[in-house]
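*Asks:*
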Amino acid sequence: MLTKITSAILIALYFVGLFYPETIKAVSVTTSSEWWSLFAYAFFHQNIFHLLINVLVFYSFGQVVESAIGKREFPQVLILSAFITSLPYWIFPLSELPLIGFSGVVYFVFAAFTGFFPYISVSVLFVKTSFPVRLVFFTIFGVEAGLFAANLILDLTPIAHISHLIGLSLGLLYAYRKRGSMTYIHTSNFDKK
Numbered sequence: 030m031l032t033k034i035t036s037a038i039l040i041a042l043y044f045v046g047l048f049y050p051e052t053i054k055a056v057s058v059t060t061s062s063e064w065w066s067l068f069a070y071a072f073f074h075q076n077i078f079h080l081l082i083n084v085l086v087f088y089s090f091g092q093v094v095e096s097a098i099g100k101r102e103f104p105q106v107l108i109l110s111a112f113i114t115s116l117p118y119w120i121f122p123l124s125e126l127p128l129i130g131f132s133g134v135v136y137f138v139f140a141a142f143t144g145f146f147p148y149i150s151v152s153v154l155f156v157k158t159s160f161p162v163r164l165v166f167f168t169i170f171g172v173e174a175g176l177f178a179a180n181l182i183l184d185l186t187p188i189a190h191i192s193h194l195i196g197l198s199l200g201l202l203y204a205y206r207k208r209g210s211m212t213y214i215h216t217s218n219f220d221k222k
């Protein structure tokens with residue numbers, strides 16, 4: 030349920046930012062940001078493509094992760110992952126552009142899904158074939174790591190690759206830690222080799 034509500038909030042706040050662009054500037058994370066922007070940045074998006082990808086992936090995996098960890102812990106995990114994935118942009122000037130968007134949280138949720146259900150196969154956007162979620166995870170992680178390294182040298186894209194990598198790493202670690210204390214997950218139908 031919270032996944033649906035959060036997705037609706039993300040869409041609504043996109044339109045707030047569209048009609049009131051000063052809002053996006055106010056919540057974006059930079060080294061001079063206010064402390065509250067370390068959470069608020071995640072709920073606004075710069076463009077419709079960024080919003081749609083984040084909502085689609087979050088909605089797809091968030092519902093399963095939400096039911097796995099419970100509706101009490103899920104919002105805490107979302108807020109904490111938003112905070113942690115924003116820290117590099119607040120502490121270090123990694124880019125001229127400010128941090129905005131839900132991507133770090135989405136990567137956290139996807140990685141948690143991978144950790145909870147490592148043997149499930151998933152379809153990747155608009156591809157008819159499904160792939161083991163572990164393969165998708167490690168492919169995404171490798172691409173993000175490569176883009177982060179290339180960005181340090183060549184300054185190719187304004188994308189927050191370090192936030193994505195932190196989200197992926199912490200989401201997987203969280204799921205593996207949590208999975209050990211949740212006996213029902215490994216007996217689920219999702220977890221078949």
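Take the position in the sequence shown, starting the count at 1, then add 29; the result is the number in our numbering.
Cβ atoms here follow ideal geometry from the backbone N, Cα and C, with glycine treated the same way.
Please read all numbers here as calculations on a predicted model, not as lab measurements.
Can the beta-carbon of Ser115 be found closer than 8 Å to that of Tyr49?
*Replies:* Counting from 1 along the sequence shown, the entry for residue 115 is found at position 86. Counting from 1 along the sequence shown, the entry for residue 49 is found at position 20. Cβ atoms of Ser115 and Tyr49: not closer than 8 Å.
*Asks:* Give me the Cα-Cα distance between Ser66 and Val135, rounded to the nearest whole angstrom.
*Replies:* Position 37 of the sequence shown, counted from the first residue, corresponds to residue 66. Position 106 of the sequence shown, counted from the first residue, corresponds to residue 135. So the alpha carbons of these two residues sit roughly 18 Å apart.
*Asks:* Report the rounded CA-to-CA distance for Val165 versus Trp119, giving the unit in angstroms.
*Replies:* Looking up residue 165 in the sequence shown gives position 136. Looking up residue 119 in the sequence shown gives position 90. Distance between the alpha carbons of Val165 and Trp119: 29 Å.
*Asks:* Using DSSP bridges, identify the partner residues of Pro187.
*Replies:* Position 158 of the sequence shown, counting from 1, holds the residue named residue 187. Note: Pro187 sits in no beta bridge, so no partner.
*Asks:* List the DSSP bridge partners of Val58.
*Replies:* Working through the sequence shown from its first residue, we reach residue 58 at position 29. According to DSSP, which records beta bridges pairwise, Val58 is partnered with Leu128.
*Asks:* By alpha-carbon positions, which one of Glu63, Ile40, Glu102, Phe103 ends up nearest to His74?
*Replies:* Within the sequence shown, the letter at position 45 stands for residue 74. Closest by alpha carbon: Ile40.
*Asks:* So, are the CB atoms of Ala179 and Phe145 less than 8 Å apart?
*Replies:* As a working note, residue 179 is residue 150 in the sequence shown. As a working note, residue 145 is residue 116 in the sequence shown. Contact: no.
*Asks:* Would DSSP call Val45 helix, strand or coil?
*Replies:* The residue labelled residue 45 in the question sits at position 16 within the sequence shown. Val45 falls in the helix class under three-state DSSP.
*Asks:* Please classify Glu63: is it buried, with 16 or more other beta-carbons within 10 angstroms of its beta-carbon, or exposed?
*Replies:* Sequence index remark: in the sequence shown, residue 63 carries index 34 (1-based). With fewer than 16 Cβ atoms within 10 Å of its Cβ, Glu63 is classed as exposed.
*Asks:* Report the rounded CA-to-CA distance for Asn218 versus Val151, giving the unit in angstroms.
*Replies:* As a first step, residue 218 must be located in the sequence shown, where it is residue number 189. As a first step, residue 151 must be located in the sequence shown, where it is residue number 122. Residue confidence is low: Asn218 scores 46 on pLDDT, short of 50, so the model does not pin down where it sits. No coordinate-derived value is stated.
*Asks:* To the nearest angstrom, how far is it from the Cα of Gly175 to the Cα of Leu42?
*Replies:* In the sequence shown, residue 175 corresponds to position 146, counting from 1. In the sequence shown, residue 42 corresponds to position 13, counting from 1. One C-alpha to the other measures close to 31 Å.
*Asks:* Between which two residues does the alpha helix (DSSP H) containing Pro117 stretch?
*Replies:* By 1-based counting over the sequence shown, the position of residue 117 is 88. Unbroken alpha helix (DSSP H) run through Pro117: 102 to 120.
*Asks:* Between the alpha carbons of Thr186 and Val106, how many angstroms are there, rounded?
*Replies:* Along the sequence shown, one-based indexing puts residue 186 at 157. Along the sequence shown, one-based indexing puts residue 106 at 77. Taking the straight line joining both Cα atoms gives about 28 Å.
*Asks:* Hey, quick one: how far does the alpha helix (DSSP H) through Phe73 stretch, first residue to last?
*Replies:* Along the sequence shown, one-based indexing puts residue 73 at 44. Where Phe73 is concerned, there is no enclosing alpha helix (DSSP H), given that its DSSP letter is neither H nor E.
*Asks:* Give the straight-line distance between the Cα atoms of Ile169 and Thr52, rounded to the nearest whole angstrom.
*Replies:* Counting from 1 along the sequence shown, the entry for residue 169 is found at position 140. Counting from 1 along the sequence shown, the entry for residue 52 is found at position 23. Going by the C-alpha atoms only, they are around 31 Å apart.
*Asks:* Please report the distance separating the alpha-carbon of Lys100 from that of Leu31.
*Replies:* On the sequence shown, residue 100 is found 71 positions in, with the first residue counted as 1. On the sequence shown, residue 31 is found 2 positions in, with the first residue counted as 1. Going from the Cα of Lys100 to the Cα of Leu31 covers about 7 Å.
*Asks:* Look at Ile149 and Val138 and say whether their C-beta atoms are less than 8 Å apart.
*Replies:* On the sequence shown, residue 149 is found 120 positions in, with the first residue counted as 1. On the sequence shown, residue 138 is found 109 positions in, with the first residue counted as 1. Against a cut-off of 8 Å, the Cβ pair of Val138 and Ile149 comes out as no contact.
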